[in-house]
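Chemist: Take a look at this one; I'll ask things after.
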Amino acid sequence: MSDEQFRAEIRGWLHEALTGPFAEAVGTGGEGREHEAHELRREWERHLGRAGWIGLGWPTEYGGRPATLAQQVIYHEEYARAGAPGRLGHMSEQLLGPTLLAFGTPEQKARFLPGITSGEDIWCQGYSEPDAGSDLAGVRTRAERRGDSYVVTGQKVWTSLAHLADWCFVLCRTDPGSTRHAGLSYLLVPMHQPGVTVRPITQLTGTSEFNEVFFDGAVAAVEHRVGAEGEGWKVAMGTLGFERGVSTLGQQIGFRRRLDAVIARARENGAWQEPALRDRLVEAYIGLEVMRHSAVRLLASAGEGLSGLEASISKLQWATWNRSLGELAVDVEGAGALLTGPGYELDDAQTHFLFSRANTIYGGSNEIQRNIIAERLLGLPR
Amino acid sequence: MTEASADPRPVAEALRPEAAEEVAQVRASVVEVLDEQADLRRTHELMVGAQGHDPRLHELLTAELGLLGLVVPEHLGGLGLDVSAATAVIEELGARLVPGALATSLTAILAARALGPSAEPLLARVVDEQLTLASALAEDGAGWDLEQTVTRATGAGDEWALTGTKTLVAGVEAARVVLVTARDTCGGLGVYAVDVAAGGVDVRTHMTLDQTRRLSTVHLRQAAATRVDAPGGEGARVLLDHVRAMLALESAAAARACLDRTVGYLKVREQFGRPIGSFQALKHRCADLAVAVAGARATADHLVATLRTGAATRSHDAALAKLVCTDTLMTVAAEAIQLHGGIGFTFEHDAHLFFKRGKSAQLLAGSPAAVRAEVAALAGL
Ligand SMILES: Cc1cc2nc3c(=O)[nH]c(=O)nc-3n(C[C@H](O)[C@H](O)[C@H](O)COP(=O)(O)OP(=O)(O)OC[C@H]3O[C@@H](n4cnc5c(N)ncnc54)[C@H](O)[C@@H]3O)c2cc1C
Chain A
1 MSDEQFRAEI RGWLHEALTG PFAEAVGTGG EGREHEAHEL RREWERHLGR AGWIGLGWPT
61 EYGGRPATLA QQVIYHEEYA RAGAPGRLGH MSEQLLGPTL LAFGTPEQKA RFLPGITSGE
121 DIWCQGYSEP DAGSDLAGVR TRAERRGDSY VVTGQKVWTS LAHLADWCFV LCRTDPGSTR
181 HAGLSYLLVP MHQPGVTVRP ITQLTGTSEF NEVFFDGAVA AVEHRVGAEG EGWKVAMGTL
241 GFERGVSTLG QQIGFRRRLD AVIARARENG AWQEPALRDR LVEAYIGLEV MRHSAVRLLA
301 SAGEGLSGLE ASISKLQWAT WNRSLGELAV DVEGAGALLT GPGYELDDAQ THFLFSRANT
361 IYGGSNEIQR NIIAERLLGL PR
Chain B
1001 MTEASADPRP VAEALRPEAA EEVAQVRASV VEVLDEQADL RRTHELMVGA QGHDPRLHEL
1061 LTAELGLLGL VVPEHLGGLG LDVSAATAVI EELGARLVPG ALATSLTAIL AARALGPSAE
1121 PLLARVVDEQ LTLASALAED GAGWDLEQTV TRATGAGDEW ALTGTKTLVA GVEAARVVLV
1181 TARDTCGGLG VYAVDVAAGG VDVRTHMTLD QTRRLSTVHL RQAAATRVDA PGGEGARVLL
1241 DHVRAMLALE SAAAARACLD RTVGYLKVRE QFGRPIGSFQ ALKHRCADLA VAVAGARATA
1301 DHLVATLRTG AATRSHDAAL AKLVCTDTLM TVAAEAIQLH GGIGFTFEHD AHLFFKRGKS
1361 AQLLAGSPAA VRAEVAALAG L
C-alpha cells in the first residue's frame, strides 16, 4: 500500500468513526485534559483496537498491523489532524508494547500484546518515586521473591493514569543489598488487587491525571518479569527511548493546529497589531518549521527506528517550543486570560499555558536531555 | 485561514529518497582538495592579502575538477548533475570559510538553471569559457528590496545597456560576468548578464568587517548586457532566493564546524583539575547549540529539496533557511569565542572568523528583521 493510500484510509476511517457516538469525544483528553470523558475514551480504545489501528508495525500474530515508519507517522498526523481523543492507551502502546517486543519472552508477548492491540488493557508507568525522579537509579520500591511471585512494597509517584489503569510496569529493587543501577527488575503488576492503593494528586491545572501509587504486599508473577532479575535498568532505559520516539514526529500537525488557533485569536482580538506579540508569533511559526524539517530529516535517516540521541534532540525542541507557545497563548489573550470558568474551569489557552510546563519535566527533563546530548552526541566528559 | 494552515504539509509526505551517490562522490573529491589546500590557516593568510582569495585553488576546483559545469545540463556541455551536487560544494566551502568566487558562481549557476531556457546561452558560456559569476542585487538605500531596484536597463532583444550602482556585491573581484537585477523602461524587473571587462563597468572592492568575504561596489554606465531571464517572469526573485540559499547552506555548515571545534577544545582544556567540558554549565550550552545546529541543518536540507524539485515554496523556504541558519551561525560563533576564553579573543584564533562570517551572512541579502517579516508575509501571517 502506498503512503497516499494509507493516509486516505486512516483519514477516511477517522472521519467516519468520529461522527457516530464518538462525535462527543473529539477534542477531549488531550494534554491537561486527561480528566475528561473516561468512559467514552475507554470505549474509543476498543473501537480503535477492533479496527486494527493499535500496534502499527507490530507482528500480526499479536494483533499488530504491518506499517512502515513513515506510515506510523502518517497515522499520528492524521490522528492529530482529526482532533481524535487523547489516548488512554498511549503508555500501553507507545511504551510497554515496544518494550515487550524488544525484551519480552514469547509467552509474555502472547499474553500481553493482544490486550493492548485490542484496546482492552490500560497500562501505567511506575518509575518515579519521591526520591527518584531524574535519578531513576535511586529507586527503592522493593520486590521480594516468594516462590512463583514477587511481593512488592514501596511508593511510586506522578503515575499518570494509575487511577484508570489495569496494569503497571514497575521498576523496583529485587536485590535488597544493591544500589544504583544494579539489582533492579522490571515487573508487570496488576493494579486491581489488594495491596495497591492509588491516590490522585491535584496538578497545577486543578485537575488530576497523575497519582501516588502505594504497593503494600502487592503480588506480581515471576513469569511477568521482563528481562532477567537484576537487569531491569536496561529494560527501563529501553522504554525511555520509546517514550521519545515515533509518535512525537507526528505531533507537528497537532502543534500546527494550536499555533493556528493562537494566531487566529491574535487577529481577532487585535493582539496581532502589537509588534512584540506578532514577532513572537512569527518566531513560533519559524520554530515549528524548524521542528517539522528536523522531523523529516530524522525520518529519512531513521531506517526502522530512532536512536535515543535523535529523540533527545527532538524532545528538547518540542517541549521548549510548546511551553513558549503556551505562554504566548495567554499573552495574546491579555488580562482577559485571568478569568476562569466556575470551579477553575480552564479554556484552551489557559490549559495550554499551565499544562505545557510539564513538557520540559516529564519524559526526561530539559536538563537531563541536555546532559544526554552533551555527553553522548558531543562526547563531553561526565 | 492562512495559506500555510490550509496546507499543513505533513512530515511524512515530505519524506523523499536522498540524492544520488554522484553527489556524495562530488562532495568527497571537493573535501579532499579543500582539506589539503583550504584550511583556516590559509584563510587567515588570504584575508589580509591583497587579493583576498586564492586564484590557484579556484583554478584547481574549476578547471581541474570541473565544478562550474557540475549542474549545467548535458546538452549545454555540463555534467547535468542534481542541484544537490552544487549545494554540497557550497556547504564544504562554507564549512571552511573559503574566501573567493566559487560559491557565488555556483549560486548564480543554480539560479540561471532555475530560470529555464532564457538562461541557456549563459550556461553554455559558463562551461565553454569557464566563467566565474557573481550576483549583484543590492542598491544604496534599498538594500535587497527588489521592489526598490532603480538600476535601469534600456534596449531590447539581445542588446541591452545598464546604468546604475550595485552595492555589497560578493565575489565580483574574481568574476568575469555579473548577474545584475535591473528595471526596463516599462518598469519590469529582470536579470541581466554583464561582462566585467566590458566598457562602462567599474568595480571597487572594499575591505570588510567579515574579512573572509570581500564586497564590492559595481558602477554601471551604459554597460552592455544580455537578458538572462524571461520577461514578465520572476527572475530577480529567483536570483535573490538562490543568494539566500547560498548564505543558508554556508552558514549551516560553518555553524556545525564551529561547534565541533569548540567541543573539541572543551574536551582538552583543563581548569580546576578537570576538562572544562565536564562543567554542566558549559555542557548545557553546547547541547543547546547542538540542537540549534540540528535545526539549521534541517531547514537547509529542506531548502535543497525544494530547489531540486522546483517547489512553489522556494521563496518561503529560502527566506526561512537563511534566517534560521545565519542566526544559528551567529549564536554558535559568539558562544565559541566565550567558551574559548582569552584565546578566543585573539586575532590568531579562528573563532572570530566564524563570528564575522556569521554577521555578514545575517546582514547580506536581507537583515534578520527584514527576512523575518518576509517569512511571515509568505506564510500568510
Ligand atoms: C505531568 C507529568 C506526568 C508524569 N507521568 C509519569 C508517569 O506516568 N510515570 C512515571 O514514572 N513518572 C511520571 N512523571 C514523573 C517525571 O518523569 C519526573 O517528574 C521527572 O523525571 C523529573 O523527576 P523529579 O520530579 O523527581 O525531579 P528532580 O529529578 O528532582 O528534578 C528537579 C530539577 O532538577 C533538575 N535536575 C535533576 N537532575 C539533574 C542533573 N543531573 N543535571 C541537571 N539538572 C538536574 C531537573 O531537570 C529539574 O529541573 C510525570 C511527571 C509529570 C510532570
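As given, the protein sequences belong to chains A and B, one line each in that order. Counting with this note's numbering, you get residues 1 to 382 for the letters of the first sequence. Counting with this note's numbering, you get residues 1001 to 1381 for the letters of the second sequence. Glycine included, C-beta positions come from ideal geometry on N, C-alpha and C. Owing to the predicted nature of the structure, the values given are computational and were not obtained by experimental measurement.
If we define contact as Cβ-Cβ less than 9 Å, is Asp135/A a contact residue for chain B?
Modeler: Position 135 of the first sequence, counted from the start, is the residue given in the question as residue 135/A. Judged by the 9 Å Cβ criterion, Asp135/A is not in contact with chain B.
Chemist: Does any residue of chain B bring its CB to less than 9 Å from the CB of Tyr285/A?
Modeler: The residue you call residue 285/A lines up with position 285 of the first sequence. Yes - at least one Cβ of chain B is within 9 Å of the one on Tyr285/A.
Chemist: Helix, strand or coil, according to DSSP, for Pro114/A in the structure here?
Modeler: On the first sequence, residue 114/A is found 114 positions in, with the first residue counted as 1. Reduced to three states, the DSSP call for Pro114/A is helix.
Chemist: Does Lys1166/B get closer than 9 Å to chain A when you measure Cβ to Cβ?
Modeler: For this step, residue 1166/B is matched to residue 166 along the second sequence. No, its Cβ sits nowhere closer than 9 Å to a Cβ of chain A.
Chemist: Hey, would you say the C-beta of Gly133/A is under 8 Å away from at least one heavy atom of ligand 1?
Modeler: Position 133 of the first sequence, counted from the start, is the residue given in the question as residue 133/A. True, at least one ligand heavy atom lies under 8 Å from that Cβ.
Chemist: Going by the beta-carbon positions, is the gap between Trp58/A and Leu95/A smaller than 9 Å?
Modeler: For the purposes of this step, residue 58/A is taken as residue 58 along the first sequence, with counting starting at 1. For the purposes of this step, residue 95/A is taken as residue 95 along the first sequence, with counting starting at 1. Trp58/A places its beta carbon 9 Å or farther from that of Leu95/A.
Chemist: Name the chain A residues that come within less than 7 Å of Pro1275/B, Cβ to Cβ?
Modeler: Here residue 1275/B corresponds to residue number 275 of the second sequence, with the count starting at 1. Correct list: Pro381.
Chemist: State the CB to CB distance for the pair Leu1102/B and Leu1070/B, rounded to an integer number of angstroms; the pair is presumed to be in contact (CB under 8 Å).
Modeler: Position 102 of the second sequence, counted from the first residue, corresponds to residue 1102/B. Position 70 of the second sequence, counted from the first residue, corresponds to residue 1070/B. That belief does not hold up - the Cβ atoms of Leu1102/B and Leu1070/B are roughly 11 Å apart, past 8 Å.
Chemist: Give a single yes or no on whether Asn371/A has its beta carbon closer than 8 Å to a heavy atom of ligand 1.
Modeler: For this step, residue 371/A is matched to residue 371 along the first sequence. The answer is yes for Asn371/A.
Chemist: Are the C-beta of His293/A and some C-beta of chain B separated by less than 9 Å?
Modeler: Here residue 293/A is taken as the residue at index 293 of the first sequence, counted from 1. So yes, His293/A belongs to the interface.
Chemist: Taking only runs of the beta strand (DSSP E) that begin and end inside the stretch 1144-1207 of chain B, which ones reach a length of at least 3 residues, in chain order?
Modeler: 1152-1156, 1159-1170, 1177-1184, 1189-1195, 1201-1206
Chemist: Between the alpha carbons of Ala110/A and Pro66/A, how many angstroms are there, rounded?
Modeler: Position 110 of the first sequence, counted from the first residue, corresponds to residue 110/A. Position 66 of the first sequence, counted from the first residue, corresponds to residue 66/A. Straight-line Cα distance between these residues: approximately 17 Å.
Chemist: Please work out which residues of its chain come closer than 7 Å, Cβ to Cβ, to Ala995/B, disregarding the five sequence neighbours upstream and downstream, and give them in chain order.
Modeler: There is simply no residue 995/B to check, as chain B begins at 1001 and stops at 1381 in what is shown.
Chemist: When you compare the CB positions of Ala1153/B and Ala1225/B, do they come within less than 9 Å of one another, or not?
Modeler: Mapped onto the second sequence, residue 1153/B falls at position 153. Mapped onto the second sequence, residue 1225/B falls at position 225. In this structure, Ala1153/B places its C-beta atom within 9 Å of the C-beta atom of Ala1225/B.
Chemist: Give me the residue from Ile116/A, Arg370/A, Trp158/A, Glu107/A with the minimum Cα distance to Ala132/A.
Modeler: Counted from its first residue, the first sequence places residue 132/A at position 132. Taking only the C-alpha atoms, the option nearest Ala132/A is Trp158/A.
Chemist: So the candidates are Arg1204/B, Glu1159/B, Glu1064/B; which of them puts its Cα closest to the Cα of Arg1214/B?
Modeler: Working through the second sequence from its first residue, we reach residue 1214/B at position 214. Minimum Cα distance to Arg1214/B is reached at Arg1204/B.
Chemist: Measuring CB to CB, does Arg1176/B end up less than 9 Å from Thr1107/B?
Modeler: Position 176 of the second sequence, counting from 1, holds the residue named residue 1176/B. Position 107 of the second sequence, counting from 1, holds the residue named residue 1107/B. Here Arg1176/B is not near Thr1107/B, since their CB atoms are 9 Å or more apart.
Chemist: With DSSP as the reference, label Trp167/A as helix, strand or coil.
Modeler: Here residue 167/A refers to the residue found at position 167 of the first sequence. Three-state result, Trp167/A: strand.
Chemist: Once you ignore the five residues that flank Gln155/A on each side, which residues in its own chain have a CB closer than 8 Å to its CB?
Modeler: The count along the first sequence starts at 1 and reaches residue 155/A at position 155. So the list reads Glu129, Pro130, Thr141, Glu212, Val213, Phe214, Phe215, once near-sequence residues are dropped.
Chemist: In whole angstroms, give me the CA-to-CA distance for Leu1303/B and Ile313/A.
Modeler: Locating residue 1303/B in the second sequence gives position 303, counting from the first residue. Locating residue 313/A in the first sequence gives position 313, counting from the first residue. Roughly 21 Å between the two C-alpha positions.
Chemist: Indicate the three-state DSSP secondary structure (helix, strand or coil) for Val1072/B in the structure shown.
Modeler: For the purposes of this step, residue 1072/B is taken as the residue at position 72 of the second sequence. In the structure shown, Val1072/B sits in coil (DSSP, three-state: anything other than H, G, I, E or B).
Chemist: So, with DSSP's three-state summary, where would you put Asp1317/B?
Modeler: Residue mapping note: residue 1317/B aligns to position 317 of the second sequence, counting from 1. In the structure shown, Asp1317/B sits in a helix (DSSP, three-state: H, G or I).
Chemist: Under a three-way DSSP split, which group does Tyr344/A fall into?
Modeler: For the purposes of this step, residue 344/A is taken as residue 344 along the first sequence, with counting starting at 1. Coil, per DSSP.
Chemist: For Ile373/A and Leu309/A, I'd like the C-alpha separation in whole angstroms.
Modeler: For the purposes of this step, residue 373/A is identified with residue 373 of the first sequence, where counting begins at 1. For the purposes of this step, residue 309/A is identified with residue 309 of the first sequence, where counting begins at 1. If I take the Cα positions, the gap works out to 7 Å.
Chemist: Do you know how far the Cα of Val189/A is from the Cα of Glu223/A?
Modeler: Locating residue 223/A in the first sequence gives position 223, where the first residue counts as 1. Locating residue 189/A in the first sequence gives position 189, where the first residue counts as 1. Here the C-alpha atom of Glu223/A lies approximately 11 Å from the C-alpha atom of Val189/A.
Chemist: Where do the ends of the beta strand (DSSP E) carrying Pro190/A lie?
Modeler: Working through the first sequence from its first residue, we reach residue 190/A at position 190. First-last of the beta strand (DSSP E) with Pro190/A: 184-190.
Chemist: Starting from the Cα of Glu174/A, find the closest Cα among Ser149/A, Leu161/A, Ala162/A, Ser160/A and give me that residue.
Modeler: Your numbering for residue 174/A matches position 174 in the first sequence. The residue you asked about is not Glu; residue 174/A is Thr in the sequence shown. Residue Ser149/A is the option with its Cα nearest to Thr174/A.
Chemist: Can you give the Cα-Cα distance for Arg1372/B and Ala1197/B, rounded to whole angstroms?
Modeler: Here the question's residue 1372/B lines up with position 372 in the second sequence. Here the question's residue 1197/B lines up with position 197 in the second sequence. Each residue's alpha carbon lies about 37 Å from the other.
Chemist: Based on Cα-Cα distance, which residue from Glu16/A, Tyr62/A, Glu77/A lies nearest to His47/A?
Modeler: Here residue 47/A is taken as the residue at index 47 of the first sequence, counted from 1. Closest by alpha carbon: Glu16/A.
Chemist: In whole angstroms, give me the CA-to-CA distance for Gly29/A and Thr1262/B.
Modeler: For the purposes of this step, residue 29/A is taken as the residue at position 29 of the first sequence. For the purposes of this step, residue 1262/B is taken as the residue at position 262 of the second sequence. Distance between the alpha carbons of Gly29/A and Thr1262/B is about 45 Å.
Chemist: Within 9 Å of any Cβ in chain A, is that where the Cβ of Val1375/B sits?
Modeler: As a working note, residue 1375/B is residue 375 in the second sequence. It does: the Cβ of Val1375/B has a partner Cβ on chain A nearer than 9 Å.
Chemist: Name the two residues that bound the continuous beta strand (DSSP E) containing Arg257/A.
Modeler: Here residue 257/A corresponds to residue number 257 of the first sequence, with the count starting at 1. Looking at the DSSP string, Arg257/A is not in any beta strand (DSSP E); the run it does join, the alpha helix (DSSP H), is 252-269.
Chemist: Kindly indicate if chain B contains any beta-carbon less than 9 Å away from that of Asp348/A.
Modeler: As a position in the first sequence, residue 348/A is number 348, starting the count at 1. Output row for Asp348/A: interface = no.
Chemist: Using 9 Å as the limit for Cβ to Cβ distance, is Ile116/A near chain B?
Modeler: Locating residue 116/A in the first sequence gives position 116, counting from the first residue. No, no contact with chain B.
Chemist: Span of the beta strand (DSSP E) holding Glu212/A?
Modeler: On the first sequence, position 212 is the one that residue 212/A refers to. That run of the beta strand (DSSP E) goes 210-221.
Chemist: Counting contacts by CB-CB distance shorter than 9 Å, is Arg1297/B in contact with chain A?
Modeler: Position 297 of the second sequence, counting from 1, holds the residue named residue 1297/B. With 9 Å as the cut-off, Arg1297/B counts as an interface residue toward chain A.
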